[in-house]
Amino acid sequence: MTVIQFNNVSKIYQRHSGQRLLRDHIREWFRRSEAQSFHALEDVSFRIEAGERVAIVGQNGAGKSTTLSLMAGLSWPERGTVSVSGRVAALLELGSGFHHDLTGMENIKLNASLLGFSRKQTLGMIDEIIDFSGIGDFIHAPIRTYSTGMVMRLAFSVAINLNPDILITDEILTVGDAAFQEKCLGRIQRFTGAGKTMVSVSHNPGMVKTLCDRAIWLDHGRVVQDGKASDVLEAYADRFAVSA
Amino acid sequence: MSWKGDYVFVIRNLVLKDFRIRYRNMSLGVFWSLLNPLVMLGVLVFVFTRIFKNPSPVYPVFVLCGLVPFNFFSSAWISSTTCIVDNAGLIKRVPFPREIIPIATVLSTTIHLFLQIVLMLGFALAYDRPPNRYWMLLPVVWLPAVAFLCGLGLICSGLNVYMRDMRYVVESVVTVMFYLVPIFYDFSLIPERFRTIYSLNPIAALVLAQRTIILAAKAPPETLMWKLSLSSLGMLGLGLLVFQKLKRRFYNYL
Chain B
420 MTVIQFNNVS KIYQRHSGQR LLRDHIREWF RRSEAQSFHA LEDVSFRIEA
470 GERVAIVGQN GAGKSTTLSL MAGLSWPERG TVSVSGRVAA LLELGSGFHH
520 DLTGMENIKL NASLLGFSRK QTLGMIDEII DFSGIGDFIH APIRTYSTGM
570 VMRLAFSVAI NLNPDILITD EILTVGDAAF QEKCLGRIQR FTGAGKTMVS
620 VSHNPGMVKT LCDRAIWLDH GRVVQDGKAS DVLEAYADRF AVSA
Chain C
114 MSWKGDYVFV IRNLVLKDFR IRYRNMSLGV FWSLLNPLVM LGVLVFVFTR
164 IFKNPSPVYP VFVLCGLVPF NFFSSAWISS TTCIVDNAGL IKRVPFPREI
214 IPIATVLSTT IHLFLQIVLM LGFALAYDRP PNRYWMLLPV VWLPAVAFLC
264 GLGLICSGLN VYMRDMRYVV ESVVTVMFYL VPIFYDFSLI PERFRTIYSL
314 NPIAALVLAQ RTIILAAKAP PETLMWKLSL SSLGMLGLGL LVFQKLKRRF
364 YNYL
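Listed in order, the protein sequences are those of chains B and C.
Heads up, the first sequence is in the numbering used here, so the first residue is 420 and it goes up one at a time.
Heads up, the second sequence is in the numbering used here, so the first residue is 114 and it goes up one at a time.
Now the structure itself:
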């Protein structure tokens, strides 16, 4: 079953996008000039089946994060269609959606509800989330008092224990100590073993090899290669070796 | 996007978040919600009974009937206008229906509204305006106002993403509104030819309804209630519609 499908997707950013004031709109209105645009993705097509573990590789600015944001339903493509079926948990940035003045417990509830879980479901999973994170008594302290590693562990713990159908991660597993990384890897393997789908962006070839069976290589918003993880990584490394 | 979450649970959590963040580091806690209207009340009562002579013995209650709706409108409108930009981190990273943010922002100001309504009713009792059966109409008056602000908040929060000076426009309008809404003066003082314009102002309608209920112990005119309800539903519908269009490009602009 196809869970994620990209059909000729293009994502175009206007160069001026970002903070704008009324005067910018007025100026544009008078000049009627076409704003300069930038194609973050151009005509990208692929499909991901249920149970696949896919890595997206490429250099900075290749369109990896844009691809994830489209999958997660955070932004819409200017051309083409993106269809995703199933519940998605996206870990794009550590502790996004966490508020530093709230306690760990309050943040778990808030985050779980934003990810689409009912009160009952959340309360049912809360012990497992706290246990997995290894936060201990700190769970009742504001996360302002946490170390970066603790915030990361809590964020990961919420996302994985909420048992989504699709887990999207952006270069997050390189944080945290070795012991916790080991625990995460084990948990992700159990997750994908259960027929769930994972898509992640990573710059770490070792991580990609152990976690993913497929890789999509993006460069300047286009797909260069899409295939077995080891093959794509080899080609990617070759290209790098030549230019270096 | 298929988000099949629990809207009530999310909104509850977001409202609780606002409330906790605001009060966790304050020694006076919810008293702050009452301090602002009390200070304003004191100033207005001083100016309009000591400096300008005013024969009304219930002037403080009269002022509160205007001040409470105005405070709610101004704080809900200003905070909802900036809410999408303030929550940019959430909007860019967590996929959930964006409509929830402005609505939760407006709803969290209703906590302060509730405290201020209690204050207003307390003053009514103290000034010999005992509860009458029309008090039961107060929720019917307030509910449309909350819906109206949700609609207004949806539109302004969406526009603020594309034009960051939207919030200054809103703040200026609010300042002007303080004088254009009959807060410290009565409707009867408004010249005939301006009355129609006044009746289009939703805050003014709210003030009028409250004074009729609390001070005159009468039911507000039926046409007023209809206007209030219909304009609020219209605003909420329009807000949802406009926001639907605006939200598609939030990611690019935040």
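Positions of the beta carbon are idealized from the N, C-alpha and C atoms, including for glycine.
Fair warning: this is a prediction, and the values are worked out from it, not measured in the lab.
The Cβ atoms of Leu328 of chain C and Cys178 of chain C lie closer than 9 angstroms to each other. By the Cβ test, the stretch 483-499 of chain B is in contact with the stretch 508-518 of chain B, since at least three Cβ pairs between them sit closer than 8 angstroms.
At a cut-off of 9 angstroms between C-beta atoms, Asn126 of chain C counts as an interface residue with respect to chain B. Rounded to whole angstroms, the gap between the alpha carbons of Val207 of chain C and Ala317 of chain C is 39 angstroms. Here the alpha carbons of His639 of chain B and Gly480 of chain B stand approximately 7 angstroms from one another. When the Cα atoms are used, Gly568 of chain B and Asp596 of chain B turn out to be separated by approximately 8 angstroms.
Counting along the chain, the unbroken alpha helix (DSSP H) around Ser193 of chain C starts and ends at 172-199. Inclusion of Pro257 of chain C and Ser146 of chain C in the CB contact set at 9 angstroms is not warranted, their separation being larger than that value. Sequence-distant partners of Leu157 of chain C (beyond 5 residues in either direction) whose C-beta falls short of 8 angstroms from its own C-beta, in its chain, are Val176, Leu180, Ile296, Phe297. With a threshold of 9 angstroms between beta carbons, Arg280 of chain C makes no contact with chain B. In the structure shown, Trp248 of chain C adopts helical secondary structure according to DSSP, grouped into three states.
The CB of Arg538 of chain B comes closer than 7 angstroms to the CB of Asp119, Phe122 in chain C, given here in chain order. In this model, Leu251 of chain C and Lys331 of chain C are separated by some 12 angstroms (Cα to Cα).
Short of 7 angstroms from the beta carbon of Met544 of chain B, and not among the five residues preceding or following it, lie these beta carbons of its own chain, in chain order: Asn580, Leu581.
With fewer than 16 other CB atoms across the displayed protein chains lying within 10 angstroms of its CB, Ser169 of chain C is exposed.
Cα atoms of Val570 of chain B and Thr194 of chain C: separation of roughly 30 angstroms, rounded to the nearest angstrom. Residue contact check for Pro215 of chain C against chain B: no CB pair falls below 9 angstroms. At a cut-off of 9 angstroms between C-beta atoms, Lys602 of chain B does not count as an interface residue with respect to chain C. Note that the C-beta distance between Val501 of chain B and Asn530 of chain B is not below 9 angstroms.
Uninterrupted alpha helix (DSSP H) stretches at least 4 residues long and entirely within the stretch 524-569 of chain B occur at 538-552, given in chain order. Contact check for Leu573 of chain B against Phe610 of chain B fails: the beta carbons are separated by 9 angstroms or more. Between the beta-carbon of Ile475 of chain B and that of Val620 of chain B there is about 5 angstroms, and that keeps the pair under the 8 angstroms contact cut. Residues of chain B whose Cβ lies closer than 9 angstroms to the Cβ of Val207 of chain C are, in chain order, Ala491, Leu493, Ala509, Leu511, Ser515, Gly516, Asn530, Leu533, Leu534. Within chain B, the residues whose beta carbon sits less than 8 angstroms from that of Lys130 of chain C are His518, Leu521, Glu525, Leu529, listed in sequence order. Annotated three-state conformation of Asn273 of chain C is helix, per DSSP. If the five residues before and after Tyr565 of chain B are omitted, its C-beta is found closer than 8 angstroms to the C-beta atoms of Gly523, Ile554, Phe557, Leu573, all from its own chain and listed in chain order. Val355 of chain C is positioned such that its CB atom lies no closer than 9 angstroms to that of Leu220 of chain C.
Taking CB atoms only, Gln424 of chain B has no neighbour in chain C less than 9 angstroms away. The criterion of a C-beta distance shorter than 9 angstroms is satisfied by Tyr240 of chain C and Val174 of chain C. By the neighbour-count criterion, in which 16 or more other beta carbons inside 10 Å mark a residue as buried, Pro243 of chain C falls on the exposed side. For Asn526 of chain B, the number of other beta carbons within 10 angstroms of its own is at least 16, and it is reported as buried. Looking at the DSSP output, Trp636 of chain B sits in a beta bridge with B:Val476, B:Gln644.
In this structure, the alpha-carbon of Leu262 of chain C lies about 35 angstroms from that of Arg163 of chain C.
With respect to the C-alpha of Arg446 of chain B, the residue from C:Glu212, C:Ala237, C:Met276, C:Leu234 having the closest C-alpha is C:Met276. With respect to the 9 angstroms criterion, Lys615 of chain B and Ala634 of chain B are not classified as neighbours on the basis of their beta carbons.
For Asp131 of chain C, the enclosing alpha helix (DSSP H) starts and ends at 120-137.
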